[in-house]
Structures are given as structure tokens and as C-alpha cells.
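Comments concern the structure below.
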Amino acid sequence: MNKASPVTTWLATVVALIAFAGNSVLCRLALGEPQIDAASFTAVRLLAGAVTLAILLSLRPSSGKVQSKGSWWSGLMLFSYAACFSFAYLYLDTGIGALILFAAVQLSMVGISTVKGARLRLGELAGIVLAFSGLIILLAPSEQASVSVLGFILMVVAGCAWGIYTLNGRGSLSPSRDTCFNFWRSLPFLVVLLPWLVTQSALSTYGLLLALSSGALASGLGYWIWYIALGGLSASQAAVLQLLVPLIAALGGWAFASEPLGFSFMLSAGLVLGGILLTIYSRQRGLKAAVQGG
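Numbers 1 to 294, taken from this note's numbering, label the letters of the sequence shown in order.
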């Protein structure tokens, strides 16, 4: 991956983070009313993302050396993430959904790495406990509203699927190329949604535009720009910067969907994001110590 200039890196980072948060905002705007059903939103999003990435890939000069084409396992995980993400937003507010998703992604990646033999350090364990305590507060009934258990479970599954997808893609020689092919490989799995597409399909022009925007702009173009940003970011910088996504999504939900930012959410967000930050910091510190000691 080519090293990006500082200006390009930070501009791409800002745009990519807004795009990632935009997925939650667009999905909630589409399904909250609703303007489109969850199955159709998923199908349109994945297809639009696949087409957009294919166009972007065709415009990039080919080196002829890298022939990576993703994998069917990654395609399945991408579909699982997208489908559960859409159905979860039938029940969750924008910021809450993004917070649950982000926590599930990060915690699942730590959990899988630990199962595979990575040592879990005290700081990481403390961060995980802190993050889980934030999720428990989020689930606790409050005077404002209670979080749907079904929505919570669906978003956790979406986050775990994305965590697996991310781990499966580590070490890729061409992440953008793999992502493009993974989007196309996700499309056959849409057959799982046929019962909903046949019996519950309903969409408006506005809903279709929101789904297209989510797939083409927030997903396809957003991921492409993120890979540009990664050319100038360290792994720890990238991980920490992603902590902003749930907060940007919450602000987007407040601005565009009139969703309240209550004390319970802010407390939960502080604990979850603080816990994830502690986990990331502890892991990076451990890796540095291992390198220096080796």
C-alpha cells in the first residue's frame, strides 16, 4: 500500500469516518419511517456497493501482479453483517445501533484473537469489562426509552460478522480488490432474504435513494477512501480514530432523525468507547514490548 501524504491521509480519514457513520444514519432514515423494507435495503446496498467498487477498480491502473479475488467465506460474513445491520435498525436508534455494532466488532476481534492463542493482558481485560458494563447500562430500561433486545442481538451478530470479515482480510495484498470481489460474492447469499423480499417488499423512491446512497457512497466509496487513508495511518491510529464513528452517527441521528442524546446513552458511550480505547492501547503496548524484547 502506497504511503499517502499527510493532507491526503487526514482528508481521506475524515471523509471515510463520516461515510461509515453515514451508513447508520441512512439505514435508520430508510427503515425508521419506513421508506423501504430491511431485505430490499440490504439487497440494494450490497449491489450498489459491488457496482461502485467494480467501477473504481476498473479506473485504477492494474499492476498485473495481484490476483486476489476475496473469498466466499468473506462474502458470507459481509452478507451476514449487512442483513443483520438492516434488520437491527428496525428497532434501534442511530447512535445506539452504531455503538453496539462498534463494540461487537472490536470485542469479537479481541475474543477470536485470544481463542487463537493471543495473550489477553490485564489492560485488555479491564477494557473489555468496562465496555461490557457500558453495554449493560445501554440495555437497562430508562425513563426515556428501553433498547430492543432483538435489535441488540441482531446488531451484535452484525458486529461479530464484521469482526470475522476484518480478521479474515488481514494480510491482504490488495484490500480494495478483495473488498470489491467480496461484495460480488455476497450477492448469491441474498437468496436467504427471498421470503422477506417476496412477502414484505415495500419501497419508495426516497427509500431506494437512501439504500443506493448507503451502498454506493457510504459503503463502496467509503471503504475505498478508507484504504487510501490507511496508507498514512498506523494500525493504532486507525483503530482509535474509528472510536469517533458511533459519536458521529449519534450526532447524525440527532440532526437528521431528531433522535435524543440522553444521559444514559452518553454514559454508555463513554464506558464502551473508553473500554475499547484501553483495550487497543494495552494491545499495542504489548506488541511494542514483544518487538523490543525480541
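For each residue, glycine too, the CB sits at the ideal point set by N, CA and C.
For this session: Any chance you could list the alpha helix (DSSP H) runs of at least 4 consecutive residues sitting entirely within the stretch 55–137, in chain order?
Result: Within the stretch 55–137, the complete alpha helix (DSSP H) segments of 4 residues or longer fall at 72–88 and 94–115, listed in chain order.
Exercise. Pairing CB atoms from the stretch 253–260 with CB atoms from the stretch 54–62, are three or more of them under 8 Å?
Worked result: Contact fails: fewer than three Cβ-Cβ distances are below 8 Å.
Problem set entry | Through-space distance from Trp-226 to Leu-244, alpha-carbon basis | Each residue's alpha carbon lies about 14 Å from the other.
For this session: Report the residue from Leu-90, Leu-130 and Ala-38 whose alpha carbon sits nearest the alpha carbon of Phe-152.
Result: Closest by C-alpha distance to Phe-152, out of Leu-90, Leu-130 and Ala-38, is Leu-90.
Problem set entry | Distance between Gly-275 and Ala-48 (C-alpha atoms, nearest Å) | Rounded to the nearest angstrom, the two C-alpha atoms are 35 Å apart.
For this session: Measure the alpha-carbon distance for Leu-210 versus Arg-121 and round it to whole angstroms.
Result: Here the alpha carbons of Arg-121 and Leu-210 stand approximately 42 Å from one another.
For this session: Count the other C-beta atoms from every protein chain shown that fall within 10 angstroms of the C-beta of Ser-219, then say buried if there are 16 or more, exposed otherwise.
Result: Under this definition Ser-219 is a buried residue.
For this session: Give me the Cα-Cα distance between Ala-269 and Ile-96, rounded to the nearest whole angstrom.
Result: For Ala-269 and Ile-96, the distance between alpha carbons rounds to 9 Å.
Exercise. If you run the structure through DSSP and keep just helix, strand and coil, what is Leu-203?
Worked result: DSSP places Leu-203 in strand when its eight states are reduced to three.
For this session: Check whether the Cβ atoms of Ser-214 and Cys-27 sit closer than 8 Å, and answer yes or no.
Result: Yes, the pair counts as a contact, with Cβ atoms nearer than the cut-off.
Exercise. Under 8 Å between the Cβ atoms of Ile-112 and Leu-167?
Worked result: Result yes, Cβ atoms of Ile-112 and Leu-167 sit closer than 8 Å.
For this session: Please report how far the alpha carbon of Gln-284 lies from the alpha carbon of Gln-242, in whole angstroms.
Result: Gln-284 and Gln-242 have their C-alpha atoms spaced approximately 15 Å apart.
Exercise. Hey, quick one: how far does the alpha helix (DSSP H) through Ala-295 stretch, first residue to last?
Worked result: With the chain covering 1 to 294 only, the question about residue 295 has no answer from this structure.
Exercise. Who are the near neighbours of Trp-72 in its chain, counting only those whose CB is closer than 6 Å to its CB and skipping five residues on each side?
Worked result: Residues Arg-185 of the same chain have their beta carbon placed closer than 6 Å to that of Trp-72, with the five preceding and five following residues left out of the count.
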